Each structure stands twice: as C-alpha cells, then as structure tokens.
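Before any comments, here is the structure.
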Amino acid sequence: MSHSDEQLSFLRSLIHGRSFCDSTIRYLESLLVSKDVKSFIEVRSSLTDFLRSESLSVIRSIASKTVHEKLLVLEFFVRAFALVGDQQSCLALRYEALVMRELKSASCRWLQVLPEEWLRFVEDAVRNGFHAVAEKACENALSCLENNDDHKPGGDMVSKNLKSIISEITRLRNCAMTSVSSRSVLLRDISSGSDSRVPKKENNRAAEVGLTQQAKTMSSKHFFQKWN
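In structure tokens form, the structure reads like this:
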C-alpha cells in the first residue's frame with residue numbers, strides 16, 4: 123500500500139468512526155500540503171472524489187438520526203469540501219443544511235435561519251456561478267422570510283436592515299433568473315445550430331461553457347433526497 127493510500131485509509135477510518143471534529147479536519151488539511159503544484163492538484167482531486175463518495179455513504183447512513191446529528195455531519199463535510207476547493211458539493215450541502223433547519227424551526231426555534239444567512243449563501247452561489255441554485259435559494263429565502271411572523275413588521279426579531287436584505291435577495295434572484303434564461307437560450311441555439319454567424323470554434327467553446335453551467339445546475343442533485 124502506497125503512502126497516499128495509507129493516508130486515505132486512515133481518513134476513511136476517522137470518518138467511519140464518526141470522528142466529525144476539528145482534529146479530522148486538521149488531518150485532512152495536512153494531506154493537502156504538497157511540495158509542488160502538480161502533486162497538490164493530484165492530491166486534491168483524489169480527496170475530492172473520496173469525500174464525495176464517503177459523504178453520500180455517511181449521509182444515507184444517518185437518515186434516522188436527529189436533526190442535530192445530521193447538521194453536525196453536514197457542517198463537517200461543508201468544511202471538508204471547502205478545504206479541497208469543491209464549491210459545488212460545499213454549496214449543495216450548505217443549502218441542504220439551511221433547508222433542513224428552516225423545515226424544523228417550527229418546533230425548534232434555535233434552528234431558524236437568519237436573513238443574513240440566506241443572503242450570504244445566495245451571494246456565494248452567484249459568485250461561484252451556480253445561478254440555478256441561487257435562484258431556488260432566493261425563492262426559498264423570500265418565502266421563509268415572508269411567512270415568518272418574527273420577520274413581519276412588529277415582530278420581535280425584525281432587524282433594521284431586514285428590508286435591505288430582502289431587497290438584495292430579490293435583486294440577486296432576478297440576476298440569477300436572467301442568467302439561467304440566457305444560458306438556456308444559448309444552449310438551445312447551439313444545439314439547433316441556429317446562429318450560423320458564430321464560427322464553429324466559438325460555437326464549440328460556447329457549448330463547453332453552457333455544459334459547464336448545466337453541470338453546476340445539476341451538481342447538487344446527487345446530494346438531495348438522500349435522507350429517504
């Protein structure tokens with residue numbers, strides 16, 4: 123067994139042993155220390171594949187656990203994916219955690235998602251090019267804020283900047299919707315070959331960009347519906 127295989131094996135043993143703590147994160151971080159760029163890229167790619175596989179396995183295995191335990195696991199993998207630079211998986215699990223908290227907040231007030239948390243997530247999704255995810259998150263956030271008595275005028279938890287947060291989320295939703303719509307039109311035109319004025323090389327490049335964005339749209343689906 124190679125040294126890298128031994129390291130992954132030990133990391134797997136930590137995860138299977140439910141060691142979702144800072145020490146495991148620090149160990150993961152130590153594996154990313156490489157002498158050169160090539161080695162770093164190879165290690166990061168290997169760890170990304172490993173974490174995606176392990177996270178799915180672990181998340182399915184805790185379907186019957188409490189919300190608190192599920193959130194701890196999600197938080198661990200969010201941090202792990204952030205370390206290896208996998209923004210797709212990181213955002214997918216962050217969104218999953220926000221939705222779970224909001225769904226359970228009716229009976230557990232401490233789980234309630236703050237307006238600032240929704241805004242921060244949407245900003246990160248848009249910044250990283252996940253416009254379809256951002257659009258969905260905006261709709262969810264606005265619905266939660268509008269239906270929550272604590273966030274209505276006169277509510278105990280109304281903050282002075284709530285209106286500006288809602289306004290910003292609405293603006294980001296509109297931007298995300300425009301981006302999603304534009305890329306859908308681009309993909310349709312490329313698929314039908316309707317724009318003959320665009321050189322083939324540029325068409326191919328546009329198609330690659332479109333497919334990349336489509337992948338970002340679908341990237342979180344392998345995490346969703348995993349609690350059933």
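Numbering (my numbering), first residue to last: 123 to 350. Yeah, the Cβ is synthetic: ideal placement off N, Cα and C, and Gly gets one too. As the structure is a prediction and not an experimental result, all values here were calculated from the model.
Alpha-carbon to alpha-carbon, residue j and residue i
i    : j    : result
L154 : A254 : 31 Å
D208 : S183 : 22 Å
S227 : E191 : 15 Å
L284 : A259 : 17 Å
S135 : E290 : 44 Å
F203 : L233 : 23 Å
D158 : H125 : 17 Å
L205 : F172 : 13 Å
S303 : L241 : 22 Å
E257 : T300 : 10 Å
S229 : F199 : 26 Å
S152 : R166 : 12 Å
E197 : E164 : 25 Å
S175 : D144 : 21 Å
D127 : Q210 : 25 Å
S177 : T188 : 17 Å
P237 : I287 : 7 Å
R305 : N250 : 15 Å
F252 : T170 : 19 Å
DSSP state of residue i mapped onto helix, strand, coil
i    : result
T334 : Because T334 sits at a pLDDT of 47, beneath the cut-off of 50, its placement in the model cannot be relied upon, and the following sentence gives the value as read from the coordinates. In this structure, T334 counts as helix in the three-state DSSP scheme.
Q234 : coil
R295 : helix
A228 : coil
L241 : helix
D246 : helix
F132 : helix
K157 : coil
S124 : coil
L269 : Note on identity: in this sequence residue 269 is Asn, with Leu being the wrong assignment. Note: N269 maps to helix in three-state DSSP.
C143 : coil
F162 : helix
N262 : helix
D278 : For D278, the predicted structure reports a pLDDT of 49, less than 50, and the residue's modelled location is therefore unreliable. A value from the coordinates is still provided. The answer is coil: DSSP assigns D278 none of H, G, I, E or B.
Anticipated Cβ contact below 8 Å, residue i with residue j, distance rounded
i    : j    : result
L264 : T292 : 7 Å
L220 : E239 : 7 Å
S156 : F162 : 4 Å
I147 : V180 : Going by Cβ atoms, the distance from I147 to V180 rounds to 15 Å, so no, they are not a contact pair.
R223 : V235 : 5 Å
V248 : A185 : Going by Cβ atoms, the distance from V248 to A185 rounds to 31 Å, so no, they are not a contact pair.
R295 : E261 : 7 Å
Y149 : L133 : 7 Å
L194 : F142 : 6 Å
Could you name each continuous alpha helix (DSSP H) segment of 4 residues or more that falls completely within the region 168–219, going from the start of the chain to the end? 189–206
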